[in-house]
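Below: one structure, written as structure tokens.
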Ligand SMILES: [Zn+2]
Ligand SMILES: [Zn+2]
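In structure tokens, the structure reads:
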């Protein structure tokens with residue numbers, strides 16, 4: 018009998034290769050900014066029109082663009098959009114304003130996330146704990162996470178009064194100054210919106226900012242970010258196991274600005290995001306969590322949430338029902354609360 022030697026898989030070749038921004042990459046990014054500007058203008062005009070259906074469509078389009086802008090901001094914070102470094106902050110700061118995402122704060126937390134992924138030092142900027150079990154309540158709270166907005170407004174007040182401090186380690190004084198200045202700028206814009214509303218233009222503020230923000234952008238942003246690391250192997254630093262990629266199509270790849278190809282992004286974060294697609298075949302071959310489309314992913318998440326909810330309900334039921342012990346001769350059957358039979362020993366639902 019002849020033994021067949023196992024040939025080890027060669028492993029990814031292109032996936033971890035670093036790359037820099039070229040002239041063509043810059044133009045692709047400028048094209049994305051132009052499209053964002055055109056669609057936002059259309060959204061704004063519709064939102065201000067007289068026809069109720071057009072108003073709804075405008076609010077939805079504007080909110081969708083607020084979220085898309087933060088995905089473009091993500092490329093800026095990695096300095097993967099322009100050849101020179103300076104432009105990234107100049108463009109990145111305004112991109113986050115509608116959704117109240119402060120560029121330099123996001124940048125420092127997000128780069129920490131890239132460095133510490135798979136370790137307890139991971140800092141999730143948008144406040145969703147990917148290690149906690151998924152339940153319907155967790156999903157609902159994440160989808161309508163208005164607490165983050167309150168936190169940002171609190172940071173604006175703390176920055177203006179000189180009390181803002183970075184909560185996740187020490188940062189350079191220059192970075193501290195930048196974050197404070199950007200919070201103060203955002204706070205002034207919020208005050209301007211309040212003044213506009215108080216001056217008789219509440220309708221405009223609601224249609225162009227508040228309603229798109231609260232009803233569309235906040236939930237949509239959560240749905241865009243959710244697939245990145247949830248239900249992956251969070252205790253390893255191997256990006257092929259702790260991150261998820263979604264193959265998707267041209268629309269989801271454009272709208273999320275390549276956030277669907279998150280394994281490829283974590284493997285080499287300085288690669289311009291529109292060039293991640295060429296690395297996807299390797300991820301399909303070696304990645305542990307790769308899904309075809311967003312629909313597949315959300316179906317799996319909802320199934321997991323239902324499973325966890327059923328398990329929790331069964332555990333609560335088992336804990337509430339006292340365990341009956343067998344009657345001994347002459348001894349009436351009794352209900353013992355100190356039974357050694359473990360309550361809530363439900364087997365996991367497959
Ligand atoms: Zn990530
Ligand atoms: Zn990133």
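Numbering (my numbering), first residue to last: 18 to 367.
Built from N, CA and C at the ideal position, the CB exists for glycine as well.
Could you round the C-beta distance between residue i and residue j to whole angstroms and report it? I think they count as a contact, below 8 Å.
i	j	result
residue 245	residue 261	6 Å
residue 124	residue 285	About 18 Å separates the two Cβ atoms, so there is no contact after all.
residue 31	residue 292	Actually they are not in contact, since the Cβ atoms of residue 31 and residue 292 sit about 11 Å apart, beyond 8 Å.
residue 229	residue 83	6 Å
residue 241	residue 276	6 Å
residue 106	residue 120	6 Å
residue 60	residue 78	4 Å
residue 64	residue 328	Not really, about 44 Å apart at Cβ, beyond 8 Å.
residue 89	residue 53	7 Å
residue 247	residue 160	Not a contact, Cβ separation roughly 13 Å.
residue 432	residue 51	The requested residue 432 is not part of the displayed model; the chain covers only 18 to 367.
residue 250	residue 337	At roughly 34 Å, the Cβ-Cβ gap does not stay under 8 Å, so residue 250 and residue 337 are not in contact.
residue 162	residue 239	6 Å
residue 58	residue 326	The Cβ separation is near 43 Å, so there is no contact.
residue 294	residue 270	7 Å
Using CA coordinates, which residue listed in the options is at the minimum distance from residue i?
i	options	result
residue 233	80, 239 and 330	80
residue 12	311, 247 and 322	Within the shown structure, residues of the chain are numbered from 18 to 367, placing residue 12 beyond reach of any answer.
residue 178	157, 251, 187 and 204	204
residue 235	167, 197 and 61	167
residue 201	175, 183 and 219	175
residue 85	183, 113 and 119	113
residue 278	97, 264 and 109	264
residue 165	318, 116 and 43	116
residue 27	289, 318, 137 and 302	302
residue 282	130, 336 and 69	130
residue 192	122, 300 and 37	122
residue 253	55, 212, 57 and 138	138
residue 208	196, 330 and 222	222
residue 149	333, 321 and 330	321
residue 274	38, 319 and 49	49
Is residue i near ligand 1 - that is, is its Cβ less than 7 Å away from at least one heavy atom of it?
i	result
residue 245	yes
residue 134	yes
residue 85	no
residue 260	yes
residue 279	yes
If you measure from the CB of residue i, is any heavy atom of ligand 2 nearer than 7 Å?
i	result
residue 131	yes
residue 282	yes
residue 286	yes
residue 95	yes
residue 127	yes
residue 193	no
residue 91	yes
What does DSSP give as the partner residue(s) for residue i in the beta ladder?
i	result
residue 262	278 and 307
So what does DSSP say about residue i, is it helix, strand or coil?
i	result
residue 176	helix
residue 118	coil
residue 168	helix
residue 93	helix
residue 346	Here the model assigns residue 346 a pLDDT of 44, short of 50, so the residue's position is not dependable, and the following value carries that caveat. Of the three classes helix, strand and coil, the one that applies to residue 346 here is coil, per DSSP.
residue 189	coil
residue 285	coil
residue 359	Residue confidence is low: residue 359 scores 35 on pLDDT, short of 50, so the model does not pin down where it sits. No coordinate-derived value is stated.
residue 59	helix
residue 80	helix
residue 126	helix
residue 246	coil
residue 102	coil
residue 42	helix
residue 30	coil
residue 272	helix
residue 251	coil
residue 139	coil
residue 182	coil
residue 148	coil
residue 68	coil
residue 47	helix
residue 37	coil
residue 391	As displayed, the chain neither begins before 18 nor continues past 367, which places residue 391 out of reach and without an answer.
residue 293	coil
residue 300	helix
residue 314	helix
residue 161	coil
residue 338	coil
Return yes when at least one heavy atom of ligand 4 lies under 7 Å from the C-beta of residue i, else no.
i	result
residue 326	In the structure shown, ligand 4 is absent; the only ligands present are ligand 1 and ligand 2.
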